[in-house]
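Trainee: Numbering (the numbering used here), first residue to last: 1122 to 1430.
Glycine included, each C-beta is placed from N, C-alpha and C at the ideal position.
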Amino acid sequence: MLSRSLQIFLDVASHRSFSKAAEARGMSQPAISQAVAQLEERLGEELIDRTKRPLELTSCGQLFYERCRKLCDEYQAIEDEVRQLRHGKIVGRVRVASIYSVGLLQMQAYVEKFELLYPDVKVQLEYLHPDDVYAQVRRDNADIGIVSFPRGRGDIESTDWLQQEMGVIVPPQSLLSKFTTIELSDLRDQPFVSFTPDLTIRGEIDRVFLDADVEVRIVHQFDNIENIKRAVEIGAGVTILPLDSVRREVEFGLLRAIPFKRVQLTRPLGIIRKRGRPPTAAVSKFRALLLDADKEEAPAADLLAASVT
């Protein structure tokens, strides 16, 4: 078993925070700080620059982190292989970092299906801002990441996953809710609930409006789909979202989904992983399950039929 202080240091380095590492491990912050201090004393080197926020690793700390991270990953892989050899089962864990807007229910359904197939594997699912998903994969805190408009370059390898059709989402009381299809021009001067400017999906939607010479009135901006849906539900405005992300709300009559008449707007989803890092058997199985999911996705037409009934 690898030393406890080493594992604590890796958590602190990964989270760039003593408090977040303490929360993740269910320990007090003083206990976390003491464990790292004892490790530094034993090595005779400062590993973490505590004057920076967020915390930064010293040059010695970065070297120690990278080598120990590889050591821990290799140790975990060996443990998993021994258990698999003994019991003939897929065992271990899969750490998934996902953007919020993939859909809480959708991702949870994949996790539940996987854990039924492989009950000896634990899936750890974390929802993050897109930049943090990439960061978690780069730091080896996540085995795979789920992102929209994936960027595969440098140390990140990307695989196309799903193409999600997008449409106009309105509250039931909106005059637009009676439309069966919609033009971009129908949204001119409408109050619009948007994504924040730092997200790629916002840039894509802005580009479509610009090409069509249509201006909307942005009344709210959020960095995740759940908040956008809640704002539209209460009548704050209309929006453009992946149709799959509003299935539940449409079924319960909380929102209406309207397809575009002429414009084809989709949001690509991708699966990212760190290049050069061999996946465990458990990670490979989970990734394969996700890649098979596009064959089982319900067509958007089913959702739209429910929206207008």
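#1: Taking the alpha helix (DSSP H) that Asp1281 belongs to, which residues open and close that run?
#2: Can you find the residues in the same chain that come closer than 6 Å, C-beta to C-beta, to Ala1352, ignoring five residues on each side of it along the sequence?
#3: Using a threshold of 7 Å, state whether the C-beta atoms of Lys1243 and Arg1214 are closer than that.
#4: Using beta-carbon positions only, say whether Asp1276 and Gly1391 come within less than 7 Å of one another.
#5: Give a yes or no on whether the C-beta atoms belonging to Val1329 and Leu1386 are separated by under 7 Å.
#6: Would you mind listing the beta strand (DSSP E) stretches within the segment 1308–1392 that are 3+ residues and don't spill past its ends, in chain order?
#7: Considering only the beta carbon of each residue, do Ile1169 and Ala1402 sit closer than 7 Å?
#8: Using CA coordinates, which residue listed in Arg1137, Thr1360 and Glu1286 is at the minimum distance from Arg1377?
#9: If you check the beta carbons only, do Pro1389 and Thr1302 fall under 7 Å apart?
#10: With burial defined as no fewer than 16 other Cβ atoms inside 10 Å of the residue's Cβ, what is the status of Lys1173: buried or exposed?
#11: Whose CA, out of Glu1325, Ala1357 and Ser1124, lies closest to the CA of Pro1293?
#12: At what residues does the beta strand (DSSP E) containing Leu1246 begin and finish?
#13: For the segment 1249–1259 against the segment 1193–1208, are there 3 or more C-beta pairs whose distance is under 8 Å?
#14: Going by DSSP, what residue range makes up the alpha helix (DSSP H) through Ser1135?
#15: Considering Ser1140, what are the terminal residues of the alpha helix (DSSP H) in which it resides?
#16: Looking only at its chain, what residues have a beta carbon closer than 8 Å to the beta carbon of Lys1382, apart from the 5 residues adjacent to it on each side?
#17: What whole-angstrom Cβ distance do Ala1218 and Ala1263 have, given they're in contact under 8 Å?
#18: Once you ignore the five residues that flank His1136 on each side, which residues in its own chain have a CB closer than 7 Å to its CB?
#19: By how many angstroms is the C-alpha of Lys1191 removed from the C-alpha of Leu1364?
#20: Arg1171 to Leu1238, Cα distance in whole Å?
#21: In this structure, does DSSP put Arg1445 in helix, strand or coil?
#22: Can we count Leu1237 as close to the ligand ZN, meaning its CB is less than 6 Å from some heavy atom?
#23: Taking a contact to mean a Cβ-Cβ separation below 7 Å, would you say Ser1124 touches Phe1139 in this structure?
#24: At what residues does the alpha helix (DSSP H) containing Ile1199 begin and finish?
#25: Whose CA, out of Phe1130, Gly1147, Val1268 and Glu1200, lies closest to the CA of Gln1159?
#26: How big is the Cα-Cα spacing for Asp1194 and Val1337?
#27: Could you have a look at Leu1412 and say whether DSSP puts it in helix, strand or coil?
#28: Can you tell me which of the three DSSP states Lys1299 falls into?
#29: Is the CB-CB distance between Ser1269 and Ile1349 below 7 Å?
#30: Taking the beta carbon of Arg1163 as the centre, do at least 16 other beta carbons fall within 10 Å, making it buried, or is it exposed?
#31: Taking the beta carbon of Gly1066 as the centre, do at least 16 other beta carbons fall within 10 Å, making it buried, or is it exposed?
#32: What residue range is occupied by the uninterrupted alpha helix (DSSP H) comprising Ser1154?
Mentor: So, from the data block:
#1: By 1-based counting over the sequence shown, the position of residue 1281 is 160. It is not in any alpha helix (DSSP H) - Asp1281 instead sits in the beta strand (DSSP E) that spans Ile1277 to Val1291.
#2: Here residue 1352 corresponds to residue number 231 of the sequence shown, with the count starting at 1. So the list reads Val1314 and His1341, once near-sequence residues are dropped.
#3: Taking the sequence shown and counting its residues from 1, the one referred to as residue 1243 is at position 122. Taking the sequence shown and counting its residues from 1, the one referred to as residue 1214 is at position 93. Yes, the pair counts as a contact, with Cβ atoms nearer than the cut-off.
#4: Counting from one through the sequence shown, the residue named residue 1276 turns up at place 155. Counting from one through the sequence shown, the residue named residue 1391 turns up at place 270. Contact: no.
#5: Here residue 1329 refers to the residue found at position 208 of the sequence shown. Here residue 1386 refers to the residue found at position 265 of the sequence shown. Contact flag set, yes.
#6: Complete beta strand (DSSP E) runs here, min 3: 1312–1316, 1338–1343, 1360–1363 and 1377–1379.
#7: Taking the first residue of the sequence shown as position 1, residue 1169 is located at position 48. Taking the first residue of the sequence shown as position 1, residue 1402 is located at position 281. Cβ atoms of Ile1169 and Ala1402: not closer than 7 Å.
#8: What you label residue 1377 is simply residue 256 of the sequence shown in a count that begins at 1. Ranking Arg1137, Thr1360 and Glu1286 by Cα distance to Arg1377 puts Thr1360 first.
#9: Looking up residue 1389 in the sequence shown gives position 268. Looking up residue 1302 in the sequence shown gives position 181. Taking the C-beta atoms as reference points, Thr1302 is found no nearer than 7 Å to Pro1389.
#10: What you label residue 1173 is simply residue 52 of the sequence shown in a count that begins at 1. With a threshold of 16 other beta carbon atoms within 10 Å, Lys1173 falls short and is exposed.
#11: Indexing the sequence shown from 1 puts residue 1293 at position 172. Looking at the Cα atoms, Ala1357 is the closest of the given residues.
#12: If you number the sequence shown from 1, residue 1246 lands on position 125. Here the beta strand (DSSP E) through Leu1246 covers Val1242 to Leu1249.
#13: Short answer: they don't touch.
#14: What you label residue 1135 is simply residue 14 of the sequence shown in a count that begins at 1. It spans Arg1125 to His1136 - the alpha helix (DSSP H) in which Ser1135 sits, taken as one unbroken run.
#15: The residue labelled residue 1140 in the question sits at position 19 within the sequence shown. Residue range Phe1139 to Arg1146 is occupied by the alpha helix (DSSP H) that includes Ser1140.
#16: The residue labelled residue 1382 in the question sits at position 261 within the sequence shown. So the qualifying residues of the chain are Thr1302, Ile1303 and Glu1304.
#17: Translated into the one-based positions of the sequence shown, residue 1218 becomes position 97. Translated into the one-based positions of the sequence shown, residue 1263 becomes position 142. That belief holds up - the Cβ atoms of Ala1218 and Ala1263 are roughly 4 Å apart, short of 8 Å.
#18: Against the sequence shown, residue 1136 aligns to sequence position 15. So the qualifying residues of the chain are Ala1142 and Ala1145.
#19: Position 243 of the sequence shown, counting from 1, holds the residue named residue 1364. Position 70 of the sequence shown, counting from 1, holds the residue named residue 1191. The straight-line gap from Cα to Cα measures roughly 41 Å.
#20: For the purposes of this step, residue 1171 is identified with residue 50 of the sequence shown, where counting begins at 1. For the purposes of this step, residue 1238 is identified with residue 117 of the sequence shown, where counting begins at 1. Distance between Arg1171 and Leu1238, taken at the CA atoms: about 44 Å.
#21: Nothing in the structure corresponds to residue 1445, since the chain is present only between 1122 and 1430.
#22: No copy of the ligand ZN appears in this structure; indeed no ligand is present at all.
#23: Position 3 of the sequence shown holds residue 1124. Position 18 of the sequence shown holds residue 1139. Taking 7 Å as the cut-off, the Cβ atoms of Ser1124 and Phe1139 do not count as close.
#24: Indexing the sequence shown from 1 puts residue 1199 at position 78. Note, Ile1199: alpha helix (DSSP H), Ser1180 to His1208.
#25: Residue mapping note: residue 1159 aligns to position 38 of the sequence shown, counting from 1. A check of alpha carbon separations from Gln1159 across Phe1130, Gly1147, Val1268 and Glu1200 identifies Phe1130 as the nearest.
#26: If you number the sequence shown from 1, residue 1194 lands on position 73. If you number the sequence shown from 1, residue 1337 lands on position 216. Each residue's alpha carbon lies about 49 Å from the other.
#27: For the purposes of this step, residue 1412 is taken as the residue at position 291 of the sequence shown. DSSP places Leu1412 within a helical segment (H, G or I) once states are collapsed to three.
#28: As a position in the sequence shown, residue 1299 is number 178, starting the count at 1. Residue state, collapsed to three classes: helix.
#29: What you label residue 1269 is simply residue 148 of the sequence shown in a count that begins at 1. What you label residue 1349 is simply residue 228 of the sequence shown in a count that begins at 1. With respect to the 7 Å criterion, Ser1269 and Ile1349 are not classified as neighbours on the basis of their beta carbons.
#30: Here residue 1163 corresponds to residue number 42 of the sequence shown, with the count starting at 1. Taking every protein chain shown into account, the CB of Arg1163 has fewer than 16 other CB atoms within 10 angstroms, so this residue is exposed.
#31: No answer is possible for residue 1066: the residues shown for the chain start at 1122 and end at 1430.
#32: As a first step, residue 1154 is located in the sequence shown; it is residue number 33 there, counting from the start. Judged by DSSP secondary structure, Ser1154 falls within the alpha helix (DSSP H) whose first and last residues are Gln1150 to Leu1164.
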